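Protein chains in written order, with the numbering used here: chain A, 1 to 242; chain B, 1001 to 1313. Take a look at the structure set out below.
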């Protein structure tokens, strides 16, 4: 556990302190969308943008583990340095994943404050928000780590992180209501953890009437993604090459 | 479980050889054969230099021995523990400076070494003490407040060496730890390695700097195209050359009664003390410039491979 916390410290807290511009960088898109929805949309759309912002910040930071893990393994050989130590691969992945959460925390805090000001923060919503954010963070960071293990050339990694971040944020019903999807097929939105989290939160906030099947699919999806991707990343975090 | 580990570690500590490599082969998935039956052993407390050109197989062997890569065939034991069968016990006892590795640029040298020690399981106060001591040993004190990103390549490499030496691991694998360092920085690393050796550490260092091997190593292992061509002491390596001196003649020259080796535009004659004058005079008589040097490890490398170690780097 100490090893994981140490990695979270060096790759999360220290980076946050020394390179705060990254926070501005990852907040640009969700804040721009919030502004756009506020100016051109209804109050409900603004609330949707606030929920979308939280999910996007958690997902984009989680998926950016792809870049960090690849950088550590391919370029600076930090993973090689750590292989010859008693640290377990799971602790390494957990530490990197925690560092992404630390890094996302200022953005998450900002959106939570804004959501409170917008009157979204009931006890029920706060609990659902905490659970969904954690599930999105776990799923996306573990997805990022797992995908990073397939890359051999660092240059190919950076665009992949951006592409995945956009796909996870805009393809599923994060910034639009699940009711846009064909009736009886809202569960499709739960195929991505971000869509699943958004459907739950939209429903709990009273913004969208999500179908019961889709709601059940969302909760199953969030749990399944979190567990399956954590297991997969532990398997892919090979300490030794064949 | 703890008892088994303690037993294994104690058993390993009692072993005479720190590292034993037996018939190690490595064939990569793309068909490249990097190692062809590499066998040698390293005694406890010794510093052994693995010498070879780029692509000789040094890094592949180090990665296998430090539990990062599986061999295709053969075994490596570290302090009596098999690196394939028992990697977790081995990892408790080793530390490695990876080839082309760099410390994390956003951290200060202190933060990097300190965090590495915390990850290895040291307590905070012990980790702080060791980090400070080893940064001082590597003469990095003036740079401790800068971030690593602000340091030169050589200083970055020294931070990595400081971290690995501070680990106090029984066996250290150092894969080209001084590559890219200027002569002064290299000597600073050498001093630190000598210090660690005096403290009883076993080290395996890969290098293609002959002076580094001659200055630091108790023994050398010459690796060429995945095979061990020589394994023994530095003195033994010099003796294996068979002559005390070499005369380098700048141009193509043949002298009756002397075997010549042509390397680029230079003809090299390996001679004993009594023959030096004669070869020099005969070369001069034909209008060639020449120089005399005592034979070194490089000459054994040339004798064994027919190539200079630096070529192609």
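Where is the CB? At the ideal position from N, CA and C, for every residue including glycine. Note that the coordinates shown come from a computational prediction; the quantities given were computed from them, not determined experimentally.
Residue 141 (chain A) burial status per 10 Å Cβ neighbour count (16 or more: buried):
Here residue 141 (chain A) corresponds to residue number 141 of the first chain, with the count starting at 1. Residue 141 (chain A) should be labelled buried.
Residues from the region 1093-1117 of chain B in contact with chain A, defined by Cβ distance under 7 angstroms = 1094, 1095, 1096, 1098, 1100, 1101, 1102, 1104, 1106, 1107, 1111 and 1115
**OP:** Show which residues of chain B have a CB atom less than 9 angstroms away from the CB atom of residue 68 (chain A).
**Re:** The residue labelled residue 68 (chain A) in the question sits at position 68 within the first chain. Chain B residues near residue 68 (chain A): none, gap ~10 angstroms exceeds 9 angstroms.
Excluding the five sequence neighbours on either side, which residues of its own chain have a C-beta within less than 7 angstroms of the C-beta of residue 300 (chain A), listed in chain order? Look at the range of chain A in this structure, 1 to 242, and you will see that residue 300 (chain A) is not part of it.
task: Output the boundary residues of the alpha helix (DSSP H) element that contains residue 1074 (chain B).
output: Your numbering for residue 1074 (chain B) matches position 74 in the second chain. From DSSP, residue 1074 (chain B) is part of no alpha helix (DSSP H) but of the beta strand (DSSP E) over 1073-1078.
Counting C-beta neighbours from all protein chains within 10 Å, is the total for residue 163 (chain A) 16 or more, i.e. buried, or is it exposed?
Indexing the first chain from 1 puts residue 163 (chain A) at position 163. With fewer than 16 other Cβ atoms within 10 Å, it is exposed.
(Q) Across the region 99-110 of chain A and the region 1200-1215 of chain B, are there enough close Cβ pairs to call them in contact, namely three or more that are closer than 8 angstroms? (A) no
Give me whichever residues DSSP pairs with residue 160 (chain A) in a beta bridge. Translated into the one-based positions of the first chain, residue 160 (chain A) becomes position 160. Paired residue(s): none; residue 160 (chain A) is not in a bridge.
query = With respect to the alpha helix (DSSP H) encompassing residue 1143 (chain B), which residues constitute its N-terminal and C-terminal limits?
reply = For the purposes of this step, residue 1143 (chain B) is taken as the residue at position 143 of the second chain. That residue, residue 1143 (chain B), is in no alpha helix (DSSP H); it is neither H nor E in DSSP.
| If residue 1319 (chain B) and residue 1024 (chain B) are in contact, beta carbons under 8 angstroms, what's the gap, nearest whole angstrom? | This structure leaves residue 1319 (chain B) out entirely; chain B is present only between 1001 and 1313.
- Query: Using the rule of at least 16 other Cβ atoms within 10 Å of the residue's Cβ for burial, across every protein chain shown, is residue 1067 (chain B) buried or exposed?
  - Reply: Working through the second chain from its first residue, we reach residue 1067 (chain B) at position 67. It is buried - the Cβ of residue 1067 (chain B) has at least 16 other Cβ atoms within 10 Å.
> Given a limit of 8 angstroms on CB to CB distance, which residues of the region 76-109 of chain A reach chain B?
Replying inline: 76, 77, 78, 80, 81, 82, 83, 84, 85, 86 and 87
request  = Return yes when the Cβ of residue 1115 (chain B) is within less than 9 angstroms of the Cβ of residue 6 (chain A), no when it is not.
outcome  = In the first chain, residue 6 (chain A) corresponds to position 6, counting from 1. In the second chain, residue 1115 (chain B) corresponds to position 115, counting from 1. In contact: residue 6 (chain A) and residue 1115 (chain B) (Cβ atoms closer than 9 angstroms).
>> Strictly under 9 angstroms for the Cβ-Cβ distance: is residue 1050 (chain B) near chain A by that measure?
In response: Here residue 1050 (chain B) refers to the residue found at position 50 when the second chain is read from its first residue. Not an interface residue.
- Would you tell me roughly how many angstroms separate the C-alpha atoms of residue 1122 (chain B) and residue 87 (chain A), rounded to the nearest one? Looking up residue 1122 (chain B) in the second chain gives position 122. Looking up residue 87 (chain A) in the first chain gives position 87. Each residue's alpha carbon lies about 12 angstroms from the other.
**9 angstroms Cβ cutoff, residue 1068 (chain B) in contact with chain A** = Translated into the one-based positions of the second chain, residue 1068 (chain B) becomes position 68. Yes, contact with chain A.
Out of B:1172, B:1076 and B:1110, which one is the CA nearest neighbour of residue 1142 (chain B)? Along the second chain, one-based indexing puts residue 1142 (chain B) at 142. When only C-alpha atoms are compared, the closest one is B:1110.
Checklist line | First and last residue of the uninterrupted beta strand (DSSP E) at residue 10 (chain A) | finding: One-based indexing of the first chain puts residue 10 (chain A) at position 10. Where residue 10 (chain A) is concerned, there is no enclosing beta strand (DSSP E), given that its DSSP letter is neither H nor E.
Examine chain A for any beta-carbon lying closer than 9 angstroms to the beta-carbon of residue 1147 (chain B), and answer yes or no.
The residue labelled residue 1147 (chain B) in the question sits at position 147 within the second chain. True, the Cβ-Cβ gap to chain A drops below 9 angstroms.
Ordered along the chain, which non-local residues of its own chain (more than five positions away) have a Cβ less than 7 angstroms from that of residue 1176 (chain B)? Counted from its first residue, the second chain places residue 1176 (chain B) at position 176. Same-chain partners within the cutoff: 1099, 1206 and 1207.
| query | From this set, B:1028, B:1058, B:1032 and B:1063, which residue's C-alpha is nearest residue 239 (chain A)'s C-alpha? | reply | Numbered from 1 along the first chain, position 239 holds the residue referred to as residue 239 (chain A). Looking at the Cα atoms, B:1063 is the closest of the given residues.
For this session: Starting from the C-beta of residue 234 (chain A), find all residues in its chain whose C-beta is less than 6 angstroms away, skip the five residues before and the five after it, and write them out in chain order.
Result: By 1-based counting over the first chain, the position of residue 234 (chain A) is 234. Only 90 meet the Cβ criterion.
Touch test, the region 29-40 of chain A against the region 48-55 of chain A, Cβ-Cβ under 8 angstroms, three pairs minimum:
yes
Span of the beta strand (DSSP E) holding residue 1294 (chain B)? Stepping through the second chain from its first residue, residue 1294 (chain B) is reached at position 294. Segment 1290-1294, the beta strand (DSSP E) holding residue 1294 (chain B).
I want to see whether chain B comes within less than 9 angstroms of residue 55 (chain A), judged by CB atoms only; does it?
Position 55 of the first chain holds residue 55 (chain A). No, residue 55 (chain A) lies away from the interface with chain B (no Cβ there is under 9 angstroms from its Cβ).
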